[in-house]
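End of the sequence shown = 75 in the numbering used here, gap-free, step of one. Even glycine gets a Cβ: it sits at the ideal position worked out from N, Cα and C. Predicted model, so just to flag it, every value in this text is computed and none were measured.
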Amino acid sequence: MAVTEYQGSDNFVHLRLGDRELTAVVLPTTRPVHGDRVRVSIDPSDVFLFDPSTGQTLRSPGQSEAGTLLHRDSTA
């Protein structure tokens, strides 16, 4: 674990996995400190992906793998 940003209703935990960086949004009761080893599980439907050079969103919840917005049936 590299850095935790305490934001009130959520905390942003910046992680390193090899040469990759990840940011996890966690409950405010989760408070790791620098250097802690943490376990992470990921729900693919909650993942946001960004292009590291442009910052452009590549994928966000509610989009298919191709980036097409998925429509949800509001009657369900």
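**Study point:** Host beta strand (DSSP E) of R58 (start-end)
**Key:** That run of the beta strand (DSSP E) goes 56-58.
Exercise for review: Output yes or no for whether 9 Å exceeds the beta carbon distance between F47 and V25.
Suggested key: Contact: no.
Check your understanding: Cα-Cα, which of D50, P43, P60, P27 is closest to E20?
Key -> Closest option to E20, judged by alpha-carbon separation, among D50, P43, P60, P27: D50.
Point to revise | Nearest-angstrom Cα separation, counted from A23 out to S40 | key: Counting only the Cα atoms, A23 lies some 10 Å from S40.
Exercise for review: Could you tell me how far apart the beta carbons of D9 and P27 are, in whole angstroms, since I believe they sit closer than 8 Å?
Suggested key: Between P27 and D9 the Cβ distance is about 7 Å, and since that is below 8 Å, they are a contact.
Point to revise | Residue-level contact to chain C via CB, Y5, 9 Å cutoff | key: Protein chain content of the structure displayed is limited to a single chain, and chain C is not contained in it.
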